[in-house]
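The sequence shown begins at 803 in the working numbering and counts up one residue at a time.
Virtual Cβ for every residue (Gly too), placed ideally from N, Cα, C.
Beneath this line is the structure, given in structure tokens, with notes to follow.
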Amino acid sequence: MDQSLLVFMTVAEKHNFTRAAEALHMTQPAVSQHIQALENSIGTKLLDRSNKHVRLNKAGEIVYRHGKEIEGLYTRMQRLVDDLMHTASGTLSIGASYTFGEYVLPHAIAYLQHHYPLIKPTITIGNTKEISSLVAGGQLDIGIVEGALEHDKLHAESLARDLMYVVTSSSHRFGKDEDVSAASLRQETWIVREEGSGTREVTERMFLEQGLNPSSRMEFGSTQIIKESVEAGLGISLLSHWAVRKEISLGTISKLTIGGKPVEREFSLLTQHHQQHTKAAEVFIGILRKRKGWPEQA
């Protein structure tokens, strides 16, 4: 990778020439020379400098963003060459949306580490838009997101079916039931995820399909606080079985279907179009496809 571009990216991330020089084990004048050489090559200034801070200008933001993509391509190139002579090893960057990333992915990673200890995974958790953008930009090798996705740079493969249930406290009036009618849930307080969440999107779709329009709602920003609130009797919610399987086994939360069926959604596996995978990525994709190490849904 071009040394001047690497120096520029380090300065942008450290916001300071001195700290960048320390991180790169270079002198500060050498850092300045690399920045000047890159700016001369590009044909414009890339940084706004002050006495205390260094910030990217508009041109610098463009160069930095594409520099991260180049860095990802260079890293992948090096790993592919290394793979020609070695077994599956090295870094593997994985991104996932919240439900899969917090409740399913750790089990798959544990299986990976047990059978392929030379692979060193890094995990990024975010919403579908964030993860797909990072995969498309080459900053993640693999993404797992909720629902189907169309993106001109990405290949999306259906990976898993997620079963979602209405959940209540075990002491709730429906806590001993297995199935309820939509009409019986209209007066309940519903606890929902924030706008933009995949779980929220499925919940709103369920409301529409079942003719539900709850007048009492609470909106929380994480599944964990929703589970705690349901256990405390604050209301009911729609959550993935993966997210509540422990609480169900402990008997603190009960799951219900509406009309005899759980709500279903899909998780998709994202990779770049025409991307040549490293052995580490191939191994992990195989684990995901075969559902090795995953918790089962009942």
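* To do: Between the Cα of H953 and those of K931, R1067 and L965, spot the shortest distance and give me the residue it belongs to.
  => K931
* Specify the secondary structure class of L1115 as computed by DSSP and reduced to three states. => Lying outside 803 to 1100, the shown extent of the chain, residue 1115 is not represented and no answer is given.
* Asked: With respect to the alpha helix (DSSP H) encompassing S1039, which residues constitute its N-terminal and C-terminal limits?
  -> Per DSSP, S1039 belongs to no alpha helix (DSSP H); it is in the beta strand (DSSP E), S1039 to S1042.
* To do: Give the single residue among L1072, Y876 and P1064 whose Cα lies nearest to the Cα of V947.
  => L1072
* F1022 - partner residues in DSSP beta bridges -> R995
* Thinking C-alpha only, which one of P1097, Q915 and K955 is nearest Q1074? -> K955
* To do: Taking S983 as part of the alpha helix (DSSP H), name the residues at either end of that continuous run.
  => Premise fails: S983 is in no alpha helix (DSSP H) and is neither H nor E.
* Asked: Can you name the start and end residues of the alpha helix (DSSP H) that P831 belongs to?
  -> Q830 to I844
* Ignore the nearest five residues each way along the sequence and tell me which others in T926's own chain have a CB closer than 6 Å to its CB. => G897
* For G897, write down the residues that DSSP places opposite it in a beta bridge. => T926 and G945
* **Buried/exposed call for I1055, threshold 16 Cβ in 10 Å** => buried
* Spatial distance of R867 from N859 (CA atoms) -> 12 Å
* Asked: Using 8 Å as the threshold, is the segment 850-865 in touch with the segment 904-924, meaning 3 or more CB pairs across them?
  -> no
* So R1007 is in the alpha helix (DSSP H); what residue range does that whole segment cover? -> G1000 to Q1012
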